[in-house]
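Working notes, beginning with the structure itself.
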Amino acid sequence: MPILRYILFGLLLLVSSHTQGASLSYITKVEDSNAGAKNIWFTIAYADENDATPNPCYGAAYCKYAFMVGSKRKIGGRYGGMSGYKAIRAEGARNIGEVITLYKAQRGITFPYSSMMRSGAWFTIAQYSTELSCFGLYRILSEGLNLVTVEPVVGASCGIVPLPLGACKLVGDIVLDHGTINSDRVDGNQTSTTAYLECNQAMSIKVTATGMAAPDVTLRADGSLSSSLQVNGIAGKTGATVNVPANTRTPVKFTSVLKTKGTVAAGPFTGSGTAVLIVP
Numbered sequence: 001m002p003i004l005r006y007i008l009f010g011l012l013l014l015v016s017s018h019t020q021g022a023s024l025s026y027i028t029k030v031e032d033s034n035a036g037a038k039n040i041w042f043t044i045a046y047a048d049e050n051d052a053t054p055n056p057c058y059g060a061a062y063c064k065y066a067f068m069v070g071s072k073r074k075i076g077g078r079y080g081g082m083s084g085y086k087a088i089r090a091e092g093a094r095n096i097g098e099v100i101t102l103y104k105a106q107r108g109i110t111f112p113y114s115s116m117m118r119s120g121a122w123f124t125i126a127q128y129s130t131e132l133s134c135f136g137l138y139r140i141l142s143e144g145l146n147l148v149t150v151e152p153v154v155g156a157s158c159g160i161v162p163l164p165l166g167a168c169k170l171v172g173d174i175v176l177d178h179g180t181i182n183s184d185r186v187d188g189n190q191t192s193t194t195a196y197l198e199c200n201q202a203m204s205i206k207v208t209a210t211g212m213a214a215p216d217v218t219l220r221a222d223g224s225l226s227s228s229l230q231v232n233g234i235a236g237k238t239g240a241t242v243n244v245p246a247n248t249r250t251p252v253k254f255t256s257v258l259k260t261k262g263t264v265a266a267g268p269f270t271g272s273g274t275a276v277l278i279v280p
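In terms of the UniProt record's numbering, the sequence shown opens at residue 1 and continues consecutively.
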């Protein structure tokens, strides 16, 4: 009987949002630039062009959207936007799905899309490590010489700016290794590992885990083998809520459950998943 070895490598991301659905975007790297600014490397993983959420500025004289870094102000609860963004006009879009279609057309891009934007010096100010800053899709409410006021789009997941400039980080490599398995025992085989959440303030965070572009992780291109992820014993797509004390490492258990469809050929297989941190 053939012997199979399956290794699932998890790619961990940090994301903040009120809900999840319209889009997923996140920061992959922050590096020093000149004049006290930062180079921010980001990825827009996906965005739903079928999202029927109404566009609140449809038909208005001023209606702009951008993927950018926003920070929730402690005073007034409004969001300030980072400079360096590239906005699109969307007064003709009836819903967020049409906004996303316009964004792709006006920017000439497809998703997933990765690039770099340069922040203003305000991004390095210490207060932003204690306010929730994240990269995602925002509606621009007003633009001034030194101040941009924005609001996050409902349903657009927004990637938390990582420590030391942001609020949280995930500690530990996530490697889910199924080892060597007999071919008749592949379906339902499980393996787990633990990572740790660490935040600079007490937070309640929902942690989800899915494939890069679907709920399950694809391990074989022909669809014969995939992995269903779990977080603390709960389906990864649903996610588990974790209470994280300030400056304390809190364990999070990630589990991979293999699923087969038809005959799976012997040999090594790997795949990548996405762990998403959602702030209610």
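We put the CB at the ideal spot given by N, CA and C, even for glycine. This one's a predicted model, so the numbers in the text were calculated from it and none came from an experiment.
Practice task
Grab me the residues of N189's own chain with a C-beta within less than 7 Å of its C-beta, minus the 5 sequence neighbours each way, in chain order.
Solution key: Spatial neighbours of N189 in its own chain (CB-CB distance under 7 Å, excluding positions within 5 residues in sequence) are listed in chain order as H178, I181 and L258.
Practice task
Select from A45, K86, P251 and I234 the residue whose C-alpha is nearest the C-alpha of E143.
Solution key: K86
Problem - R89 burial status per 10 Å Cβ neighbour count (16 or more: buried) - result: exposed
Problem - Three-way DSSP call (helix, strand, coil) for R249 in this model - result: coil
Handout entry: Neighbour-count burial assignment, R94, 16 or more Cβ in a 10 Å radius
Key = exposed
Practice task
Assign I27 to buried or exposed, taking buried as 16 or more other Cβ atoms, counted over all protein chains shown, within 10 Å of its Cβ.
Solution key: buried
Practice task
Take the Cβ of T210 as the centre, count every other Cβ of all protein chains shown within 10 Å, and call the residue buried at 16 or more, exposed below.
Solution key: buried
Handout entry: C-alpha gap between V15 and P245, whole angstroms
Key = Note that V15 scores a pLDDT of 40, beneath 50, so its modelled location is shaky; the value from the coordinates is reported in the next line. Cα-Cα distance, rounded: 18 Å.
Exercise for the section: Take every Cβ of the stretch 199 to 209, pair it with every Cβ of the stretch 231 to 251, and state whether three or more of those distances are shorter than 8 Å. Expected result: yes
Handout entry: Outcome for A126 when other beta-carbon atoms lying within 10 angstroms are tallied against a minimum of 16
Key = Low confidence applies to A126: its pLDDT is 45, below 50, so where it sits in the model is not reliable, and the reading given next is rough at best. Burial call: exposed.
Exercise for the section: Spatial neighbours of E31 within its chain, please: CB distance less than 6 Å, with the 5 preceding and 5 following residues excluded, ordered by chain position. Expected result: Answer for E31: N39, listed in chain order.
Handout entry: Whole-angstrom distance between K253 and T193, CA atom to CA atom
Key = In this structure, the alpha-carbon of T193 lies about 6 Å from that of K253.
Handout entry: Assigned exposure category for A52 - 16 Cβ within 10 Å defines buried
Key = exposed
Problem - Near the ligand FMN: S142 beta-carbon under 7 Å from a heavy atom - result: Absent from the structure shown: the ligand FMN. Ligands present: none.
Handout entry: Per-residue burial, residue 281 [other beta carbons within 10 Å of its own, 16 or more giving buried]
Key = The structure shown has nothing for residue 281, since the chain only spans 1 to 280.
Handout entry: Where the alpha helix (DSSP H) containing V99 begins and where it ends
Key = I96 to R107
Problem - beta strand (DSSP E) segment containing S114, residue limits - result: Y113 to R118
Exercise for the section: Please list, in chain order, all residues of the same chain as I100 whose beta carbon is under 6 Å from its beta carbon, the five residues on each side excluded. Expected result: Same-chain partners within the cutoff: A47 and E49.
Practice task
Return the Cβ separation of G80 and L147 in integer angstroms, given the expectation that the two are a contact with Cβ distance under 8 Å.
Solution key: 7 Å
Exercise for the section: Please report how far the alpha carbon of Q230 lies from the alpha carbon of G136, in whole angstroms. Expected result: 25 Å
Practice task
Reducing DSSP to helix, strand and coil, say where D222 ends up.
Solution key: coil
Practice task
Can you tell me which of the three DSSP states D184 falls into?
Solution key: helix
Practice task
Report the three-state DSSP secondary structure of N232 (helix, strand or coil).
Solution key: coil
Practice task
Could you please give me the residues that DSSP links to C199 through a beta bridge?
Solution key: C168 and A246
Exercise for the section: Express the C-alpha separation of T191 and L176 in angstroms, rounding to a whole number. Expected result: 6 Å
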